[in-house]
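**Q** The structure is given below, and queries will be raised subsequently.
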Amino acid sequence: MISTVASQQLLSLRRQRVFLAALGMFVAMTAAAGLLGWSSHNTIVRVYDQAVKLLAANGQPAPPNPFLLKPELSLLSNMVVYVPLLGALLALLLGHLSVADDESTGLGRLIFSRRVSRTEYAMGKIAAAAISLAVILLAAMAVSVASLVVANQTAPTIEVVGRLGLFYGLSWLYLLVFALVGMGTALLSRRRSLALLSAMGAWLVITFTIPQFTSGLRPTASLNPIADPVGTSQRFFQITALARPISIAEQYKTASAQILATAPSEPVLHTVMRVVPVAVVAVVLAAAVMVLVQRHDFSRSSNGE
Amino acid sequence: MNGPAIEMQELGHSYNGDLVLHDVDLTIDRGEIFGFLGHNGAGKTTTVNILTTLIKPTLGTALVNGHDVVSERHLVTADIGYLPSEVRMYPHMTAAENLTFFAELSGVEDAKRAVAETLDYLDCSELADRRVGSFSTGMRQRIGIAQAIVHRPSVLFLDEPTAGLDPAGIRQLRQTILGLNRDLGMTVFMNTHQLSEVSRVCTTIGVLNRGELIYKDSMEATAHHFPDEMSLEDIYVRMEGAPT
Chain P
1 MISTVASQQL
11 LSLRRQRVFL
21 AALGMFVAMT
31 AAAGLLGWSS
41 HNTIVRVYDQ
51 AVKLLAANGQ
61 PAPPNPFLLK
71 PELSLLSNMV
81 VYVPLLGALL
91 ALLLGHLSVA
101 DDESTGLGRL
111 IFSRRVSRTE
121 YAMGKIAAAA
131 ISLAVILLAA
141 MAVSVASLVV
151 ANQTAPTIEV
161 VGRLGLFYGL
171 SWLYLLVFAL
181 VGMGTALLSR
191 RRSLALLSAM
201 GAWLVITFTI
211 PQFTSGLRPT
221 ASLNPIADPV
231 GTSQRFFQIT
241 ALARPISIAE
251 QYKTASAQIL
261 ATAPSEPVLH
271 TVMRVVPVAV
281 VAVVLAAAVM
291 VLVQRHDFSR
301 SSNGE
Chain L
306 MNGPAIEMQE
316 LGHSYNGDLV
326 LHDVDLTIDR
336 GEIFGFLGHN
346 GAGKTTTVNI
356 LTTLIKPTLG
366 TALVNGHDVV
376 SERHLVTADI
386 GYLPSEVRMY
396 PHMTAAENLT
406 FFAELSGVED
416 AKRAVAETLD
426 YLDCSELADR
436 RVGSFSTGMR
446 QRIGIAQAIV
456 HRPSVLFLDE
466 PTAGLDPAGI
476 RQLRQTILGL
486 NRDLGMTVFM
496 NTHQLSEVSR
506 VCTTIGVLNR
516 GELIYKDSME
526 ATAHHFPDEM
536 SLEDIYVRME
546 GAPT
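So the protein sequences, as listed, match chains P and L.
The first sequence lines up with residues 1 to 305 when you count with our numbering.
The second sequence lines up with residues 306 to 549 when you count with our numbering.
As structure tokens, this is what we get:
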């Protein structure tokens, strides 16, 4: 029954224009991240080559190519920003559609007059969201690898592909949180618009509001993985910074920067510990969705907009 | 299977403290086509929601095919079909894909074959590969019936099945209900306002008034009980005590 619910959901998502448009935008932004990385790489190398020629003509030694000092995956550093912004919105939409469609069309009534249990239904929906996100992120990873090949004119090493795999694995877990938020709000509200707005509100709080407090109200810190940004002279932010371990947006960005080697390295255990809150939130939300499905009155569905 | 198809004892339900159904004692034998009549808000849909296991009764018990709708939900749902008043399916999926999904949810092993046979039985195989979003009300109703019977249940619940249908659609639905009862031996439980349909299709009727069952008997006996009334509409108005 779980696979039946999941298969139906995957088929339905594949045919939804709204979802396909959001997916297209996410993959396009992944390609854009690679393109921007390749463009800046190309520009700097061209300037460097010209400088080397000029210096050689003057008989002066040339400094080493700056890109030899930079990690290969720094070209994709923008992905650490795109995933919490565009990716999370896509995940919200995915979670919302998977439940809200059954609610607003009254299909929940038909489904639960069948042998399927509410637990199987909830597990099928969560499985479909997890599979959809995995497929989306695999596509994004393929685009990222292609970008690296084009930018570096050589195939990435196994280590680079491994790091990329870890980054997209972490992104999958992070986006699953938002898919579950989308499902939860759709189950809590009978109005589709209110459910979607609530989910967007949760996204704003997780992505911007909480990091603002836990990183000392530094606007750049809410987007970029900056180490220890809290102003130590501000007592209030010293206190709110204590909540940083539960700020999953910050933990995700910092762990991603570690995986992509675009930030000063820290012990592996520290990075692993940053993933734990994201996993805990995902598990708690999955349990909450299961409980909400158990309690939801599907006999009154189709009263939405 | 022995015993009645549906049995309710002192069945009651309340929403937020408001009692919408109370003390309903009703038995429907196998093979009957039962017409459940009543005003809007009388409690008909609540009764169907309980019998199809969508909600739990707050009072009394209900059995379908001898199984309790609360404690034996999986046994009840294995052998019932349900068509809600407003039939909607996944609009992005074809009729066959929708039906396959519902057949699989009912545990049908060869779902595709069951879908093909059902569409063939209802004479609408041409709709199989079309997306449901493009269907007219009549087409949606036919596919709605198909999803309700694709797993060959022994009891079929129809909630206002004629709503939104044109006269040709109503006629077709009537023939389908009679056919399902005759060919497949299905017991049919039908909520409806269409008294003319009830008199043409149903073998037994029940009248619900403000959550209370005020009448239940066969169509034949009903005609004997009310010899002065010209039609079922007259009988219904008299039973409910409404001004004529």
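Cβ atoms here follow ideal geometry from the backbone N, Cα and C, with glycine treated the same way.
Anything in chain L within Cβ reach of P/Gly106, meaning under 7 Å, just list it in chain order.
**A** Within 7 Å Cβ-Cβ: Pro389, Glu391, Arg393.
**Q** Against L/Phe407, what residues of chain P qualify as contacts under a CB-to-CB distance less than 9 Å, listed in chain order?
**A** Leu110, Ile111, Arg114
**Q** Starting from L/Glu520, trace the beta strand (DSSP E) both ways and give me its first and last residue.
**A** The amino acid occupying residue 520 of chain L in the given sequence is Tyr; Glu does not appear at that position. Where L/Tyr520 is concerned, the enclosing beta strand (DSSP E) stretches over 517-523.
**Q** Should P/Pro306 go down as buried or exposed, given a rule of 16 or more other Cβ atoms within 10 Å for buried?
**A** Residue 306 of chain P lies beyond the stretch modelled for chain P, which goes from 1 to 305, so this question has no answer here.
**Q** Which residue's Cα is closest to the Cα of L/Leu368: L/Val460, L/Gln446, L/Ile338?
**A** L/Val460
**Q** Counting only C-beta atoms, is P/Met1 closer than 9 Å to chain B at any point?
**A** Absence of chain B from the displayed structure is noted, the protein chains being P and L.
**Q** Would you mind sorting L/Val420 into buried or exposed? The rule is 16 or more other CB atoms within 10 Å of its CB.
**A** buried
**Q** Classify P/Tyr252 as helix, strand or coil using the three-state DSSP reduction.
**A** helix
**Q** Give the single residue among P/Ser247, P/Met290, P/Val289 whose Cα lies nearest to the Cα of P/Arg274.
**A** P/Ser247
**Q** Assuming contact is defined by CB atoms lying nearer than 9 Å, are P/Val5 and P/Lys125 in contact in what I supplied?
**A** yes
**Q** Specify whether the stretch 180-198 of chain P and the stretch 82-100 of chain P touch according to this definition: at least 3 beta carbon pairs, one from each stretch, less than 8 Å apart.
**A** yes
**Q** Interface residues of chain L around P/Arg15 at Cβ under 8 Å?
**A** His397, Met398
**Q** Which term fits L/Gly340, buried or exposed, when burial requires 16 or more other beta carbons within 10 angstroms of its beta carbon?
**A** Counting Cβ neighbours within 10 Å, L/Gly340 comes out buried, since at least 16 surround it.
**Q** By alpha-carbon positions, which one of P/Leu35, P/Leu11, P/Met29, P/Leu23 ends up nearest to P/Ala151?
**A** P/Leu35
**Q** If I measure Cβ to Cβ from L/Gly365 and keep anything under 6 Å in the same chain, skipping five residues before and after, which residues do I get?
**A** Gln314, Glu315, Leu316, Gly317
**Q** Are the stretch 424-439 of chain L and the stretch 394-404 of chain L in contact at 8 Å, needing three or more beta carbon pairs?
**A** yes
**Q** If you compare alpha carbons, which of P/Ser7, P/Leu13, P/Leu164, P/Phe26 is closest to P/Ser74?
**A** P/Leu164
**Q** Considering only residues of the same chain and omitting the five flanking positions on each side of L/Thr332, which have a CB-CB separation below 6 Å?
**A** Pro309, Glu312
**Q** Does L/Phe440 get closer than 9 Å to chain P when you measure Cβ to Cβ?
**A** no
**Q** Within 9 Å of any Cβ in chain P, is that where the Cβ of L/Gln499 sits?
**A** no
**Q** Just the Cα atoms here: how many angstroms apart are L/Asn370 and L/Val381?
**A** 7 Å
**Q** Less than 8 Å between the CB atoms is what I'm expecting for L/Asn496 and L/Val353, so what's the real figure, rounded?
**A** 6 Å
**Q** Considering only DSSP beta bridges, list what L/Gly317 is partnered with.
**A** L/Leu364
**Q** Since L/Asp464 sits in a beta bridge, which residues does DSSP pair it with?
**A** L/Asn496
**Q** Using the Cα positions of L/Ile475 and L/Thr467, report the straight-line distance between them to the nearest angstrom.
**A** 6 Å
**Q** Please work out which residues of its chain come closer than 7 Å, Cβ to Cβ, to L/Ser390, disregarding the five sequence neighbours upstream and downstream, and give them in chain order.
**A** Asp464, Glu465, Ala468
**Q** With DSSP as the reference, label L/Glu312 as helix, strand or coil.
**A** strand
**Q** Quick check on P/Val149: does DSSP put it in helix, strand or coil?
**A** helix
**Q** From the DSSP secondary-structure annotation, give me the bridge partner or partners of L/Phe339.
**A** L/Phe494, L/Thr509
**Q** Is the Cβ of L/Gln480 closer than 9 Å to any Cβ of chain P?
**A** L/Gln480 does not count as touching chain P.
**Q** Closer than 8 Å, Cβ to any Cβ of chain P: which residues of the stretch 403-436 of chain L, in chain order?
**A** For the stretch 403-436 of chain L, residues whose beta-carbon sits nearer than 8 Å to a beta-carbon of chain P comprise Phe406, Phe407, Glu409, Leu410, Ser411, Gly412.
**Q** In whole angstroms, what is the alpha-carbon distance linking L/Asn307 and L/Met491?
**A** 14 Å
**Q** Return the chain-ordered list of same chain residues with a C-beta closer than 7 Å to the C-beta of P/Met29, the five sequence neighbours on each side being excluded.
**A** Tyr82, Leu86
**Q** Below 9 Å on C-beta distance, what does L/Gln452 contact in chain P?
**A** Leu110
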